[in-house]
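Each protein sequence line maps, in turn, to chains S and V. Anchor point for the first sequence: position 88 equals 435 in our numbering, and the numbering is continuous, going up by one each time. Anchor point for the second sequence: position 86 equals 112 in our numbering, and the numbering is continuous, going up by one each time. Below you'll find the structure, written out as structure tokens, and then a few comments.
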Amino acid sequence: MTTTVVAVGAGQASAVAARTLRRRGFDGRIVLVGEEAHRPYQRPPLSKEYLRGGEDDDLYLLPEQWCAAKDVEVVLGTRVTRLVPTSRTVELADGRELTADAVLLATGGRARRLPGATGDRVCYLRTLDDAERISALIRPGGQVVVIGGGFIGSEVAASARARGADVTMIEMLDVPLLRVLGVELGAVCAEIHRRGGVDMRLGQSVESVTQRGERVEVRTGAGDVIEGDLVVVGVGIEPNVELAEQAGLTVGNGIVVDEHLRTSIPGIYAAGDVANVRHPLFGSLRVEHFDNASKQGAVAANNIMGRETVFDDPYWFWSDQYDLNLQYTGHATSWDEIVVRGSTEELSFVAFYLRDGIVRAAFGVERGDDVAIAKELVAQRATPDPLQLADPDIDLYDLVPTG
Amino acid sequence: MSTPATDALVGEGEAVPREASVTATAGLLGPDEEQWVEVATVKELVRHKKKYVEAGGEQIALFYTGEQVYALYDVCMHKQRSLSKGVIMGGQVICPGHQWMFDVETGWVDEEERCQPTYAVRVEDGAVYVNPVRRILRTDGD
Chain S
348 MTTTVVAVGA GQASAVAART LRRRGFDGRI VLVGEEAHRP YQRPPLSKEY LRGGEDDDLY
408 LLPEQWCAAK DVEVVLGTRV TRLVPTSRTV ELADGRELTA DAVLLATGGR ARRLPGATGD
468 RVCYLRTLDD AERISALIRP GGQVVVIGGG FIGSEVAASA RARGADVTMI EMLDVPLLRV
528 LGVELGAVCA EIHRRGGVDM RLGQSVESVT QRGERVEVRT GAGDVIEGDL VVVGVGIEPN
588 VELAEQAGLT VGNGIVVDEH LRTSIPGIYA AGDVANVRHP LFGSLRVEHF DNASKQGAVA
648 ANNIMGRETV FDDPYWFWSD QYDLNLQYTG HATSWDEIVV RGSTEELSFV AFYLRDGIVR
708 AAFGVERGDD VAIAKELVAQ RATPDPLQLA DPDIDLYDLV PTG
Chain V
27 MSTPATDALV GEGEAVPREA SVTATAGLLG PDEEQWVEVA TVKELVRHKK KYVEAGGEQI
87 ALFYTGEQVY ALYDVCMHKQ RSLSKGVIMG GQVICPGHQW MFDVETGWVD EEERCQPTYA
147 VRVEDGAVYV NPVRRILRTD GD
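The structure is reproduced here in structure tokens:
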């Protein structure tokens, strides 16, 4: 009988796990322990609506009222210092101890640092505090330097442009998102930024980042010197595995879990950015996206309650940049063929990544409808005729095997 | 017909906590007969599965699935994207913006305690009529 669930980390995965447990009728104790001082909040708006200066009512995940009504305890501003795996006891920095029947490790990750880059105008974006700091430094007519053309860097660039700042993006590879999207579609992303007015410096490494007073200077490997009011570094995250590691759990590119999100020690689960999952479709995989954290939080809750649930979601994430909505589903590190449906020039298309004829992933710009269907194609390992896939006159839904 | 017997008008476009609501057994807060507006033919919906229409000043997304016609407020409650540009799959309307999924009949979001407003629909002689008054259908919860 599970009577106490402790979630380490109070982000998306833990919040959804708490909601799911209560919705499924779990009446035991639920405690979320978060290191940040803020109540649980969503991270996606931080680089989008929040950075553009707009209000976002959706930022917070578990309103105080709900927690009170549902008897969910949220311990904030408190670090978990130790996990005793045999008794599933969690030790908090303030000296408290919590013993649970099930522990959910949803410790997320931290922004990867650029070696040698220091100064209060060298920024990273992971937390609400980070977003506040960056937002305060962006000004109309100011200069923002973005290092890294991934999703965080891309969204920061778009949001800074929306605030009227000049933006220079430095990306080490020849196109943004090269490894995820390939050269052709990565080039489309570069074009999106150019159309948005961003000065793109592609294929350039960063030699040094130096803050002088209120200016930051970035020197690239090619010898370019770019100055800004601030530099935002978006070069990925490192999973927070220390607690799991010290507890003796199997760790390797995150906390290793099976398809039920169980770690190597019974009663301990992991979900979200930190979890390296054995995925039925893609093998061992750690994914750093919102929807993944939500779905894994729900799956972990189910399994904690004894409702055996496999995590087999084909993955999905989105990015809002400028006036465009980008979406991706599936996972592909290599492919034989990319089939484009729609027009990359007009920035309205979906691109399918096929390997051995199987749809492994899809990337869409302003094609959320097609991506929703692509998700089904990926989930069912569909092998549609590429010509039909590209043909706008054929209803995409008709290509789903069991539609 | 897609009008369940438990319709109740709760408000326009507001999110209603699912668990705070009760199943309404009171009579239908019935649409005035004069408010039924002809907006489409069943034939075109069978072919295209969805259609954007306007009636009574309302932006409405029509969907056709399981040989039934449904109507939802077209402007997604999440980020104001157009639901009629989304898809209908497995009884769920999927918003093209951020893949929020709404029950085509009730408008409720499965994993969120939120509801997209819907409209009453009537089909007669191959014509689709909508009562352009946004409603939040109450449910029993899960």
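Ideal Cβ positions, reconstructed from N, Cα and C, are used throughout, including at glycine. As the structure is a computational prediction, the values presented were derived from the model and not from experiment.
- Residue pairing by DSSP places Met516 (chain S) opposite S:Val493, S:Met547 in a beta bridge.
- Contact between the stretch 528-547 of chain S and the stretch 654-674 of chain S is present, with at least three C-beta pairs closer than 8 Å.
- Of the other Cβ atoms in all chains shown, fewer than 16 fall within 10 Å of the Cβ of Lys69 (chain V); this residue is therefore exposed.
- If you look at Asp129 (chain V), you'll find it in the beta strand (DSSP E) that goes 127-129.
- Inter-segment contact for the stretch 736-743 of chain S and the stretch 675-692 of chain S is present: three or more beta-carbon pairs are separated by less than 8 Å.
- The beta carbon of Gly711 (chain S) sits closer than 6 Å to the beta carbons of Gln674, Val697, Asp717, Val718 from its chain, once the five residues preceding and following it are set aside; these are given in chain order.
- Using a CB distance cut-off of 9 Å, Cys121 (chain V) counts as an interface residue toward chain S.
- Here DSSP, grouped into helix, strand and coil, assigns Ser631 (chain S) to strand.
- Cys470 (chain S) has S:Val579 as its beta-bridge partners, per DSSP.
- Taking 9 Å as the CB threshold, Gln142 (chain V) stays off the interface with chain S.
- For Arg702 (chain S), the enclosing beta strand (DSSP E) starts and ends at 695-702.
- When the alpha-carbon of Ile114 (chain V) is set against those of V:Val101, V:Lys105, V:Phe128, the nearest one is in V:Phe128.
- Taking the C-beta atoms as reference points, Ser394 (chain S) is found no nearer than 9 Å to Val527 (chain S).
- Under the criterion of beta carbons closer than 8 Å, Lys111 (chain V) and Pro122 (chain V) qualify as touching, at roughly 5 Å.
- If you ignore the 5 residues before and after Val582 (chain S), its C-beta comes within less than 6 Å of the C-beta of Arg459, Gly495, all in its own chain and listed in chain order.
- For Asn672 (chain S), the residues of chain V that pass the 7 Å Cβ criterion are Gly123, in the order they occur in the chain.
- Distances from the alpha-carbon of Asp521 (chain S) to those of S:Ser552, S:Arg508, S:Val493, S:Ala512 put S:Ser552 closest.
- Under DSSP, Cys141 (chain V) forms a beta bridge with V:Trp134.
- DSSP places His626 (chain S) within a strand segment (E or B) once states are collapsed to three.
- In this chain, Asp405 (chain S) is not harboured by any alpha helix (DSSP H), its DSSP state being neither H nor E.
- Here Val422 (chain S) is not near Trp413 (chain S), since their CB atoms are 9 Å or more apart.
- DSSP, reduced to helix, strand and coil, places Asp667 (chain S) within a strand of the structure shown.
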